[in-house]
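Residue numbers (my numbering), protein chains in the order written: chain A, 49 to 245; chain B, 49 to 245; chain C, 49 to 245; chain D, 49 to 245.
Just so you know, even glycine gets a beta-carbon here, dropped at the ideal spot from N, CA and C.
Protein chains: 4
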Amino acid sequence: MIVYFRSMRIKDEAKQSAIIDATVKLVNEIGFVSSSVSKIAKEANVSPATLYIYYKNKEDLLVSTYLEIKQRLSEEILSEFNQNAPIRDSLYKFWTNAFHFISQNNSYFQYTEQFANSPYSEKVNHEDVEKSFTPIYEVLQKGIEQKIIKNVSFEILSVFMFYPIMNLSNARLCKNITADSKTIEDAFQLAWDAIKL
Amino acid sequence: MIVYFRSMRIKDEAKQSAIIDATVKLVNEIGFVSSSVSKIAKEANVSPATLYIYYKNKEDLLVSTYLEIKQRLSEEILSEFNQNAPIRDSLYKFWTNAFHFISQNNSYFQYTEQFANSPYSEKVNHEDVEKSFTPIYEVLQKGIEQKIIKNVSFEILSVFMFYPIMNLSNARLCKNITADSKTIEDAFQLAWDAIKL
Amino acid sequence: MIVYFRSMRIKDEAKQSAIIDATVKLVNEIGFVSSSVSKIAKEANVSPATLYIYYKNKEDLLVSTYLEIKQRLSEEILSEFNQNAPIRDSLYKFWTNAFHFISQNNSYFQYTEQFANSPYSEKVNHEDVEKSFTPIYEVLQKGIEQKIIKNVSFEILSVFMFYPIMNLSNARLCKNITADSKTIEDAFQLAWDAIKL
Amino acid sequence: MIVYFRSMRIKDEAKQSAIIDATVKLVNEIGFVSSSVSKIAKEANVSPATLYIYYKNKEDLLVSTYLEIKQRLSEEILSEFNQNAPIRDSLYKFWTNAFHFISQNNSYFQYTEQFANSPYSEKVNHEDVEKSFTPIYEVLQKGIEQKIIKNVSFEILSVFMFYPIMNLSNARLCKNITADSKTIEDAFQLAWDAIKL
DNA sequence: GATGAATGAGTGTTCATTCAT
DNA sequence: CATGAATGAACACTCATTCAT
């Protein structure tokens with residue numbers, strides 16, 4: 049009797065991760081428009097053909113990369129989240145988490161910004177993505193119920209709570225701002241004043 | 049002998065304007081990545097070669113288009129601006145002007161968003177662009193001096209004053225929001241609460 | 049007033065013809081499977097991109113080439129056709145015309161054979177192609193009416209009248225046959241015996 | 049220790065046969081040009097690498113498949129062949145056998161037609177292939193000797209005897225013909241008239 | 001024997017740009 | 001000024017084949 053013990057080559061996770069890193073790096077350096085499959089492959093030190101083993105096509109690569117980053121972002125933002133902390137403290141934690149992730153992973157973040165403004169964005173099920181961020185919405189909801197936060201739509205709240213931080217921590221858009229603790233404090237105070245009752 | 053009638057200048061301008069409109073339309077429909085020179089030329093009903101009479105190259109076309117839109121945006125935002133109105137009223141006027149321009153020219157606005165997040169953005173002298181918006185900064189400055197507005201950097205103030213509005217009125221990013229007067233009022237209230245002392 | 053006297057470059061018929069010749073030559077030498085667009089372009093001394101000025105895509109090129117050859121074949125077969133000649137003489141004329149065209153343009157003919165056996169064949173409106181050969185069908189019809197030719201379907205008649213000649217004159221399929229007058233005579237006698245009453 | 053049961057040989061043959069079937073099916077459906085090794089492997093439910101265990105390379109696969117089909121065709125044509133039957137009856141038997149094989153195995157037959165018109169054809173030792181059909185040539189030879197069949201070259205005879213049947217029973221080439229017994233009879237009569245003295 | 005991973009070289013096609021008119 | 005023709009280089013993607021297991 050012949051038994052085959054995983055007798056074939058196995059997909060290399062390091063390779064897949066190298067491809068994603070290369071994608072992000074290139075998009076950050078030369079932009080979405082110029083980031084071709086062959087350039088990405090070269091940056092990742094693989095053959096263009098190899099890329100198609102891991103991803104169905106370019107769109108799949110770009111969308112998967114986007115989802116991967118969004119996933120990491122949500123994990124970072126929600127890390128050390130304490131359900132019982134006061135609402136302002138929870139939001140402040142989200143805020144600083146976001147700020148640090150974006151500052152330290154600016155290329156990742158800029159990738160998502162370029163992606164969100166491209167037509168590829170329509171290929172993403174945004175509801176699924178939003179689900180990763182539900183704890184944030186729950187905090188906001190609790191704040192509304194406790195009459196601490198203004199009773200307006202989530203879109204409006206989150207646009208004031210998180211889009212400013214994205215802007216401020218995006219190196220491409222905000223060149224004169226340094227991520228010092230004073231800036232973070234100041235900016236969060238504005239965000240809080242915006243949404244609090 | 050060739051005689052140039054005045055009408056010919058008009059015809060030329062019409063052509064140039066057709067090229068810009070085609071650029072915006074295409075970028076809005078198929079995205080920055082897929083918008084090639086020949087497609088733009090076809091959309092504008094001119095030869096690809098003609099395009100190179102009006103613009104040095106593709107980059108020049110894209111940058112010029114960006115600047116043109118930014119110019120129109122600043123004109124719209126600043127229209128009916130009354131230097132002597134109370135600060136809150138001035139900012140509210142800017143706010144609603146911006147909201148209406150973006151809502152009604154979404155394709156133009158989305159062009160600028162794609163552009164700003166692309167490396168082409170680095171070819172623009174952003175200081176020059178900002179100059180068109182100086183009246184806004186002057187109002188903010190006056191507000192700071194009159195202790196009406198928080199004394200934080202302009203970047204922080206404007207990121208709360210205008211970035212939210214851009215998001216809320218951008219159809220691609222904000223699909224569940226309708227541009228009704230209630231939404232505008234609500235959102236402006238948040239913006240104002242954010243920056244006011 | 050400005051008048052433009054055909055002020056643009058004009059499509060080069062020599063170039064188009066070079067492309068068709070290159071297509072036929074390559075298909076004949078290395079086969080349908082291996083005849084890539086870039087090889088055809090190189091053979092025709094043009095850029096691959098140029099090919100797409102004259103043809104929508106590869107399929108269009110291959111189909112057009114097929115139709116072009118079929119057109120020439122029909123013209124050759126029908127040349128010097130005398131409506132009033134006896135039926136056998138007319139068919140003999142068609143026969144020898146076909147034999148000579150195929151013998152002298154073997155690469156052209158082999159192209160059509162490869163094409164007809166490929167899936168590209170389904171892109172052709174074969175009824176239109178057949179129309180070029182209607183005089184042949186009319187002769188056969190007249191022969192049937194005059195009780196000279198067997199009253200069977202045209203498909204059967206033409207398959208005996210013309211497919212054998214194609215085979216005999218196709219160098220790839222028939223290597224031991226020489227196109228001497230004896231062979232032509234012999235073969236035509238068989239064809240005639242097949243269809244005559 | 050590896051022990052080879054007899055059943056394993058059978059399994060292998062099944063695999064080899066699956067590969068050939070997949071090759072024929074694909075070539076028939078999408079054509080020679082588009083039939084890649086990996087598509088064939090997928091269709092046969094094996095790895096592309098497996099294919100290279102059974103065949104040296106793609107050419108070997110295609111040629112072997114051709115020879116296999118030719119072998120089956122010759123067996124079918126010669127089945128129930130009675131050496132002592134009258135010459136016309138023998139040929140009629142060949143004829144109907146061929147007709148039925150081609151009709152019922154159209155994909156197999158069309159494979160050979162595409163193959164014969166491709167440059168791969170040159171890799172085949174056609175004399176060897178012809179040997180499978182020697183009984184046919186012997187019958188024709190006997191007919192010539194008995195002054196029943198015209199004394200012309202075998203090429204000419206067989207081109208009238210078999211090429212028409214191939215065309216009539218090839219679905220791709222002959223769409224308006226149905227394989228009814230009347231058609232077979234009619235067509236055979238023409239073939240016979242062609243070659244008989 | 002059998003596999004899926006891996007790849008350099010190729011595919012058909014479009015690109016931004018320039019040319020001749 | 002304006003054009004369609006023309007192109008080398010690049011595009012996204014697939015190829016036939018080999019590799020390590």
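Closest in C-alpha terms to residue 117 of chain D, from the list D:232, D:157, D:194, D:202, comes D:157. No Cβ of chain C is located within less than 8 Å of the beta carbon of residue 154 of chain D. Among the CB atoms of chain C, none fall inside 8 Å of the CB of residue 197 of chain D.
Proximity to residue 217 of chain B across B:72, B:138, B:107, B:149 peaks at B:149, based on C-alpha coordinates. Membership of residue 194 of chain C in any alpha helix (DSSP H) is not indicated, and neither H nor E is assigned to it by DSSP. The segment 165-173 of chain C and the segment 152-170 of chain D touch, with no fewer than 3 CB-CB distances between them shorter than 8 Å.
Among the bridge pairs identified by DSSP, residue 244 of chain A is matched with A:197. Inter-residue distance for residue 176 of chain B and residue 114 of chain B is about 13 Å (C-alpha atoms, whole angstroms).
For the segment 122-146 of chain A, no residue has a beta-carbon sitting nearer than 8 Å to a beta-carbon of chain B.
The beta carbon of residue 214 of chain C lies closer than 8 Å to those of 146, 150, 157, 161 in the same chain, with the five residues before and after it left out. Contact of residue 103 of chain B with chain A by beta-carbon distance below 7 Å is absent, the smallest such distance being about 17 Å.
With a contact defined as Cβ atoms closer than 8 Å, residue 197 of chain A and residue 245 of chain A qualify at about 6 Å. Among the residues of chain C, none has a CB under 7 Å from the CB of residue 93 of chain D; the nearest is roughly 24 Å distant. Residue 85 of chain C places its beta carbon less than 8 Å from that of residue 106 of chain C. Where residue 119 of chain C is concerned, the enclosing alpha helix (DSSP H) starts and stops at 106-126. When C-beta atoms of the segment 232-244 of chain B are compared with those of the segment 191-209 of chain A, three or more pairs fall below 8 Å, so the two segments count as touching. If you ignore the 5 residues before and after residue 199 of chain D, its C-beta comes within less than 7 Å of the C-beta of 192, all in its own chain and listed in chain order. With its beta carbon less than 8 Å from one in chain B, residue 211 of chain A belongs to the interface. Excluding residues up to 5 positions away in sequence, 103 lie with their Cβ nearer than 6 Å to the Cβ of residue 109 of chain B in the same chain. At a beta-carbon threshold of 7 Å, the residues of chain C lying near residue 78 of chain D are 167, ordered along the chain.
Interface annotation, residue 208 of chain B: in contact with chain A, CB-CB separation under 8 Å. Close to residue 173 of chain D, with beta-carbon spacing below 7 Å, lies no residue of chain C; the smallest spacing is near 13 Å. Collapsing the DSSP output to three states places residue 83 of chain A in coil.
Residue environment for residue 182 of chain A: exposed (fewer than 16 other C-beta atoms within 10 angstroms of its C-beta). The C-alpha of residue 125 of chain C lies about 15 Å from the C-alpha of residue 133 of chain C.
By the neighbour-count criterion, in which a residue is buried when 16 or more other Cβ atoms sit within 10 angstroms of its Cβ, residue 194 of chain B is exposed. Annotation for residue 168 of chain C: no alpha helix (DSSP H) segment contains it, and DSSP assigns it neither H nor E. For residue 94 of chain B and residue 174 of chain C, the gap between their C-alpha atoms comes out near 38 Å. A straight line joining the alpha-carbon of residue 100 of chain D with that of residue 64 of chain D spans about 11 Å. Contacts between residue 64 of chain C and chain D, judged by CB atoms closer than 9 Å, are missing: the closest CB pair is about 23 Å apart. At a cut-off of 8 Å, the C-beta of residue 189 of chain D has no neighbouring C-beta in chain C. Residue 60 of chain A sits in coil when the DSSP states are folded into three classes, being neither helix nor strand. Cβ-Cβ distances below 6 Å link residue 83 of chain B to 74, 75 in the same chain, with the five nearest sequence neighbours on each side left out; the list follows chain order.
Not a single C-beta of chain D is nearer than 8 Å to the C-beta of residue 107 of chain C.
Measuring C-alpha to C-alpha distances from residue 232 of chain C to each of C:155, C:171, C:139, C:71 identifies C:139 as the nearest. By the Cβ neighbour-count rule, residue 67 of chain A is buried, with 16 or more other Cβ atoms within 10 Å of its own.
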